[in-house]
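Structure record follows, encoded as structure tokens.
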Ligand SMILES: [Zn+2]
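In this note's numbering, the protein residues as written are 16 to 284.
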């Protein structure tokens, strides 16, 4: 990823997505906002205990820096599931952003509609951005361990391919900053359910000093490969949110008292 400052606010961008003129995307960091500790400072989390007016202010800062219209921002209340909402004309003018999202229960959003900005909010969970250049379809995904177990990134690609005729060989993907294999210690029960229900176990779990560590970056990368996205089309940020509290909010790293950063993507008009 590369970092750029827009209106004095730092954002990160996937190099493999920057080349497309009709795609806009960004990952926010924790800097440049209006909130104070433990939410300092660009907290985009609607469900945190931060002052709502500061969260709204942070959305205004992000939207003016990135140049999108807040009325066209689409987010969902996320539930660690595997449901995808495909956003079409029926959402225009109805989207709300910060405190009460219009959508509830979707951890992936996709659209072919230019002019909208889709977002997911994270602090350790994996944000994934997907773009099908020929079909001009974009998607954002929120995948924590439950979403990863449910295969949400792969399911989103499947939907793009089967229902919207995207060519998996042409899809570009960015796997954003999230808690890394260095820091993501999990309970044996989590490892057990991955062992029983997926074919990922050997590739994504590591044992060290009697503890189990899960590699969510790799799990999501493998799910995208399984759907036919070529390895060279997948960019992995490789940035651990728990190792970099200077850059990101980390739920685990800050013991639950923290904000959320965002992954944004939309199609140009
Ligand atoms: Zn780490």
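Every residue gets a Cβ at the ideal spot worked out from N, C-alpha and C, and that includes glycine.
| Quick one: Cα of residue 243 to Cα of residue 172, how far? | Cα to Cα, the separation comes out at about 9 Å.
| message | Strictly by DSSP, which residues pair up with residue 92? | response | Residue 92 has 119 as its beta-bridge partners, per DSSP.
| field | residue 276 beta carbon less than 9 Å from that of residue 136 | value | Yes. Within cutoff.
| query | Given that a residue counts as buried once 16 or more other Cβ atoms are within 10 Å of its Cβ, and exposed if not, what is residue 45? | reply | Buried, by the Cβ-count rule.
| Using the C-alpha atoms, what's the distance from residue 27 back to residue 114? | Because the pLDDT of residue 114 is 40, which lies under 50, any placement of that residue in the model is unreliable, and the question is left without a value.
| request: Grab the span of the beta strand (DSSP E) containing residue 281 for me, first residue to last. | output: Its beta strand (DSSP E) spans residues 276-282.
| task | Classify residue 35 as helix, strand or coil using the three-state DSSP reduction. | result | The three-state reading of DSSP puts residue 35 in coil, since its state is none of H, G, I, E or B.
| message | For residue 98 and residue 122, what's the separation of their Cα atoms in angstroms? | response | Between the alpha carbons of residue 98 and residue 122 lies a gap of roughly 6 Å.
| Candidates 158, 267 and 124: which alpha carbon is nearest residue 201's? | Closest option to residue 201, Cα to Cα, is 267.
| query | Do you know offhand how far residue 283's Cα is from residue 62's? | reply | Each residue's alpha carbon lies about 29 Å from the other.
| Do the segment 217-230 and the segment 239-254 meet, that is, are 3 or more Cβ pairs less than 8 Å apart? | Flag = no, the segment 217-230 and the segment 239-254 do not touch.
| field | Per DSSP, the bridge partner or partners of residue 193 | value | Within the DSSP bridge table, the entry for residue 193 names 255 as partners.
| Three CB pairs or more closer than 8 Å across the segment 203-210 and the segment 124-133 | At 8 Å Cβ cutoff, the stretches do not touch.
| query | Taking 8 Å as the cut-off, does the CB of residue 190 come closer than this to any heavy atom belonging to ligand 1? | reply | No, ligand 1 has no heavy atom inside 8 Å of this Cβ.
| query | Among 233, 195, 220 and 88, which residue has its Cα nearest to the Cα of residue 260? | reply | Nearest option by C-alpha distance: 195.
| query | Between 281, 264 and 280, which lies nearest to residue 273 when the distance is taken from Cα to Cα? | reply | Comparing Cα positions, the closest option is 264.
| Are the beta-carbon atoms belonging to residue 167 and residue 158 less than 9 Å from one another? | Yes. Within cutoff.
| said: So, with DSSP's three-state summary, where would you put residue 113? | reply: Low local confidence applies: a pLDDT of 44 at residue 113 is under 50, so the model's placement there is unreliable, with the coordinate-based value given in what follows. If DSSP states are grouped into helix, strand and coil, residue 113 belongs with coil.
| Do residue 19 and residue 48 have their C-beta atoms closer together than 9 Å? | Their beta carbons are not under 9 Å apart, which means residue 19 does not touch residue 48 by this criterion.
| Alpha carbon to alpha carbon, how far is residue 91 from residue 35? | Using only the alpha carbons, I get a separation of about 26 Å.
| task | Indicate whether residue 280 and residue 38 have their beta-carbon atoms separated by less than 9 Å. | result | Yes, they are a contact pair.
| said: ligand 1 and residue 257: does the residue's C-beta get closer than 8 Å to at least one heavy atom of that ligand? | reply: Yes, ligand 1 has a heavy atom inside 8 Å of this Cβ.
| said: Please report the distance separating the alpha-carbon of residue 147 from that of residue 176. | reply: Taking the straight line joining both Cα atoms gives about 9 Å.
| field | Close-in-space but distant-in-sequence residues of the same chain around residue 156 (CB under 6 Å, 5 per side omitted) | value | Same-chain partners within the cutoff: 123, 143, 167, 168 and 171.
| query | For residue 131, does the three-state DSSP call read helix, strand or coil? | reply | The three-state reading of DSSP puts residue 131 in coil, since its state is none of H, G, I, E or B.
| field | Where residue 152 sits in the DSSP three-state scheme | value | The answer is strand: DSSP assigns residue 152 an E or B state.
| field | Sequence-distant residues of the same chain with beta carbon closer than 6 Å to residue 189, five excluded per side | value | Result list for residue 189: 29, 32, 144 and 250, in chain order.
| task | Pull up the distance between the alpha-carbon of residue 256 and that of residue 105, whole angstroms please. | result | Between the C-alpha atoms of residue 256 and residue 105 there is a straight-line separation of about 35 Å.
| Out of curiosity, what's the CA-to-CA distance linking residue 60 and residue 70? | Our two residues, residue 60 and residue 70, have alpha carbons roughly 7 Å apart in a direct line.
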